[in-house]
Amino acid sequence: MITFLLVVFVLGYVSITLEHSLHLDKAVPALLMATLMWAILAFGFNEGWVSVINQYGEVFDVLKSNSDIETEQYGFKKILMHHFSKTGEILFFLIGAMTIVEIIDLHRGFGIIKKFIKAKNKKHLLWTLGILAFILSAIIDNLTAIIILVALLRKILVRRKYRIWYASMMIIAANAGGAWSPIGDVTTTMLWIGDKVSAIGLTEYVVLPSIVCFIVPFFIATKLKPFRGYAMRKEMIIDEDAERLLSSRTMLIVGLLGIAFVPVFKVITGLPPYLGMMFSLAMVWLVSEYVKPEKNISRKDKFRYSTHKALSKIEFSSILFFLGILLAVGALESLVIGEIDGQAVGSLRYAAESVSNAIPSMDIVIILLGMMSSVLDNVPLVAASMGMYDFPSDSPIWHFIAYSAGTGGSLLVIGSAAGVAAMGMEKIDFIWYLKKVSWLAFLGFIAGCGLFVFIEAFFY
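Quick note on the working numbering: the sequence shown kicks off at 1 and runs consecutively.
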């Protein structure tokens with residue numbers, strides 16, 4: 001039974017990593033994997049072949065002596081409810097954030113950012129785009145930031161052979177920027193909602209390594225041939241009716257402030273972050289209902305800028321992918337596979353102990369995890385680490401995991417959502433990125449790791 005579970009997980013994981021080769025949305029194998037794993041786990045549990053464990057260390061087994069079968073089965077259902085509840089918190093948070101971003105985009109708020117991109121010198125343009133990617137990804141998220149900036153880049157640079165260099169460097173900047181913010185990357189959001197890190201703690205200890213991870217490859221890149229001289233820019237003739245709306249500035253400011261307010265809401269109220277995001281969504285939605293995108297706009301045209309329209313543009317396939325991944329990892333976390341010091345533990349905790357015995361240094365383990373995130377999806381890796389380790393909130397381990405998983409994805413173009421998005425928009429070749437950019441990303445990643453270890457040794 002345990003073998004069946006592991007086989008389903010491995011096959012599902014491989015299918016997710018091969019989504020482009022299979023021409024299959026990764027939500028499909030993720031959902032199949034999750035539902036099949038819980039079905040197998042439930043069947044094995046009801047037959048008395050496997051035991052399960054909850055978040056408090058209580059073990060449930062229908063064959064346990066002096067136990068009521070209905071009580072044990074209810075314990076199993078509560079474990080499933082717990083994992084679904086924790087997953088739901090993350091999903092509703094993401095839905096709220098995605099909706100706010102789509103509202104801003106409908107009102108063409110991100111077009112305002114274009115006026116900041118005036119540099120003609122290639123080095124200045126590189127730093128301008130990099131800094132924008134670093135900052136934007138921390139406020140919205142790295143995926144949205146890279147989509148916005150690559151779209152703007154296509155309106156600025158004529159030659160594609162230069163655009164792919166800039167787009168690739170922005171992947172590094174966006175992933176570095178998302179790593180130190182609780183709302184900058186799905187993995188940092190997971191750690192924050194799971195009470196593994198606080199917004200202040202994450203920012204305080206990860207921002208400097210993230211800045212180093214961003215600056216080192218950009219500084220080296222300015223010495224390379226593609227970033228010398230002046231850029232051949234497209235003539236940017238801005239049609240106010242097409243590029244800007246009366247509501248553009250208002251919705252950009254309100255939307256970004258709404259997302260940035262979420263950590264403040266959590267600090268003030270102590271409530272889970274998804275409630276703060278729902279509050280911010282409600283406020284942004286309220287403003288969007290009364291702001292006028294155009295003069296004398298009709299009710300029919302107003303729908304084009306409504307939140308209902310924004311909701312229809314959300315990528316719910318990504319939401320379902322996260323649902324599948326997190327529930328599948330929850331099944332592994334709940335499965336009792338062995339004992340540590342005479343106490344039954346879940347399979348992920350057992351695996352963590354095995355890894356710790358093989359590699360005593362947690363710093364090396366986490367660096368390897370970051371490098372693995374460039375090959376495998378960082379969401380399940382972080383989800384698994386949350387089930388494997390039981391360190392206290394704001395432990396340096398969680399901060400280092402946030403940094404490594406967030407920035408390690410830059411080592412390969414397929415290693416992060418931001419990389420995949422840029423790859424699709426500019427048709428960046430995998431081998432080209434591996435030869436030209438991966439070494440830059442690696443130097444930045446390792447430099448940031450070194451700084452984090454230094455901070456951990458002398459300041460924690």
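Don't be surprised by glycine CBs; every beta carbon is placed ideally from N, CA and C. All of these numbers come straight from a predicted model, not from anything done at the bench.
Problem - G44 vs M1 beta-carbon contact at 8 Å - result: Taking the sequence shown and counting its residues from 1, the one referred to as residue 44 is at position 44. Taking the sequence shown and counting its residues from 1, the one referred to as residue 1 is at position 1. The answer is yes: Cβ separation under 8 Å.
Practice task
Look at the Cβ atom of Y230, then the Cβ atom of K115, and state whether they are nearer than 8 Å.
Solution key: Mapped onto the sequence shown, residue 230 falls at position 230. Mapped onto the sequence shown, residue 115 falls at position 115. No. Outside cutoff.
Handout entry: Residues near F92 in its chain [Cβ-Cβ closer than 6 Å; skip 5 each side]
Key = One-based indexing of the sequence shown puts residue 92 at position 92. Same-chain partners within the cutoff: Y274.
Exercise for the section: Measure the CB-CB distance between A422 and A179 and report whether it falls below 8 Å. Expected result: Here residue 422 refers to the residue found at position 422 of the sequence shown. Here residue 179 refers to the residue found at position 179 of the sequence shown. The answer is no: Cβ separation not under 8 Å.
Problem - Contact set for F442: own chain, Cβ-Cβ below 8 Å, skip 5 residues either direction - result: Counting from one through the sequence shown, the residue named residue 442 turns up at place 442. Excluding its 5 nearest sequence neighbours in each direction, F442 has C-beta neighbours in its own chain below 8 Å: L411, listed in chain order.
Exercise for the section: Run the CB neighbour count on S347, radius 10 Å, all protein chains shown included, and call it buried at 16 or more, exposed below. Expected result: As a working note, residue 347 is residue 347 in the sequence shown. With 16 or more Cβ atoms within 10 Å of its Cβ, S347 is classed as buried.
Problem - Proximity winner among I156, T203 and I147, relative to H399 (alpha-carbon distances) - result: Translated into positions along the sequence shown, residue 399 becomes position 399. Taking only the C-alpha atoms, the option nearest H399 is T203.
Problem - Within the segment 286 to 362, ranges of the beta strand (DSSP E) (whole runs, at least 3 residues) - result: 336 to 340 and 343 to 346
Practice task
Apply the 10 Å Cβ neighbour rule to V52 and answer buried if 16 or more other Cβ atoms are within range, or exposed otherwise.
Solution key: Working through the sequence shown from its first residue, we reach residue 52 at position 52. So V52 ends up on the buried side.
Exercise for the section: Report yes if the C-beta distance between I95 and I314 is below 8 Å; otherwise report no. Expected result: Within the sequence shown, the letter at position 95 stands for residue 95. Within the sequence shown, the letter at position 314 stands for residue 314. The answer is yes: Cβ separation under 8 Å.
Handout entry: Per DSSP, the bridge partner or partners of N175
Key = Translated into positions along the sequence shown, residue 175 becomes position 175. N175 pairs with nothing; no bridge assigned.
Practice task
Give the secondary structure of I414 by DSSP, where H, G and I count as helix, E and B as strand, and everything else as coil.
Solution key: Sequence index remark: in the sequence shown, residue 414 carries index 414 (1-based). Of the three classes helix, strand and coil, the one that applies to I414 here is coil, per DSSP.
Handout entry: the segment 99 to 117 / the segment 195 to 212 touching (three or more Cβ pairs under 8 Å)
Key = With the cut-off at 8 Å, the segment 99 to 117 and the segment 195 to 212 do not touch.
Handout entry: alpha helix (DSSP H) segment containing I113, residue limits
Key = As a position in the sequence shown, residue 113 is number 113, starting the count at 1. From DSSP, I113 is part of no alpha helix (DSSP H); its letter is neither H nor E.
Exercise for the section: Could you have a look at M236 and say whether DSSP puts it in helix, strand or coil? Expected result: Sequence index remark: in the sequence shown, residue 236 carries index 236 (1-based). Bear in mind that a pLDDT of 48 at M236, under 50, signals an unreliable position, so the number given afterwards is only what the model happens to contain. In the displayed model, M236 falls within coil according to three-state DSSP, outside both helix and strand.
Exercise for the section: Measure the alpha-carbon distance for G448 versus L191 and round it to whole angstroms. Expected result: Your numbering for residue 448 matches position 448 in the sequence shown. Your numbering for residue 191 matches position 191 in the sequence shown. Here the alpha carbons of L191 and G448 stand approximately 20 Å from one another.
Exercise for the section: With P29 as the anchor, note down where its alpha helix (DSSP H) starts and where it stops. Expected result: In the sequence shown, the residue the question calls residue 29 occupies position 29. Counting along the chain, the alpha helix (DSSP H) containing P29 begins and ends at A27 to N46.
Practice task
Have a look at F452 and G130 and give me their C-alpha separation to the nearest angstrom.
Solution key: Indexing the sequence shown from 1 puts residue 452 at position 452. Indexing the sequence shown from 1 puts residue 130 at position 130. Rounded to the nearest angstrom, the two C-alpha atoms are 22 Å apart.
Problem - Touching by the beta-carbon criterion (3+ pairs, under 8 Å), the segment 331 to 349 and the segment 145 to 158 - result: no
Problem - Among L335, V291, S248 and L271, the one whose alpha carbon lies nearest that of Q55 - result: Position 55 of the sequence shown, counted from the start, is the residue given in the question as residue 55. For Q55, the nearest C-alpha among the options comes from L335.
Practice task
Take V291 and list the residues in its own chain whose beta-carbon comes closer than 7 Å to its own, dropping the five residues that flank it on each side.
Solution key: As a working note, residue 291 is residue 291 in the sequence shown. Closer than 7 Å at the Cβ level, and outside the excluded window around V291, lie S247, T250 and M251.
Practice task
Could you check what DSSP says for V375 in three-state terms: helix, strand or coil?
Solution key: In the sequence shown, residue 375 corresponds to position 375, counting from 1. Of the three classes helix, strand and coil, the one that applies to V375 here is coil, per DSSP.
Handout entry: Classification of I183 by the beta-carbon crowding that lies within 10 angstroms, buried from 16 upward
Key = Taking the first residue of the sequence shown as 1, we reach residue 183 at position 183. Under a 10 Å Cβ-count criterion, I183 is classified as buried, with 16 or more other Cβ atoms of the shown protein chains found around its own Cβ.
Problem - Among I259, K123 and L63, nearest to F219 - alpha-carbon criterion - result: Taking the first residue of the sequence shown as position 1, residue 219 is located at position 219. Shortest Cα-Cα distance from F219 to any of I259, K123 and L63 involves K123.
Exercise for the section: Leaving out five residues on either side along the sequence, give the residues of the same chain with a beta carbon under 6 Å from the beta carbon of S374. Expected result: As a position in the sequence shown, residue 374 is number 374, starting the count at 1. Contacts found: G408, G409, L411, L412 and G415.
Problem - Where K196 falls, given that 16 or more other Cβ within 10 Å makes a residue buried - result: By one-based count along the sequence shown, residue 196 stands at place 196. Classification of K196: buried, given that the 10 Å Cβ count is 16 or more.
Practice task
Report all residues from its chain with a CB closer than 6 Å to the CB of I147; omit the five preceding and five following residues, and keep chain order.
Solution key: Indexing the sequence shown from 1 puts residue 147 at position 147. Excluding its 5 nearest sequence neighbours in each direction, I147 has C-beta neighbours in its own chain below 6 Å: A421, listed in chain order.
Problem - Simplified DSSP assignment, three categories, for V7 - result: For the purposes of this step, residue 7 is taken as residue 7 along the sequence shown, with counting starting at 1. Residue state, collapsed to three classes: helix.
Practice task
Take every Cβ of the segment 354 to 363, pair it with every Cβ of the segment 159 to 177, and state whether three or more of those distances are shorter than 8 Å.
Solution key: no
Practice task
Measure the alpha-carbon distance for G463 versus G387 and round it to whole angstroms.
Solution key: Residue 463 cannot be examined here, being either before or after the span of the chain that is shown, 1 to 460.
Exercise for the section: Would you kindly check if the distance between the Cβ of A27 and the Cβ of G12 is under 8 Å? Expected result: Within the sequence shown, the letter at position 12 stands for residue 12. Within the sequence shown, the letter at position 27 stands for residue 27. Going by C-beta atoms, G12 is not nearer than 8 Å to A27.
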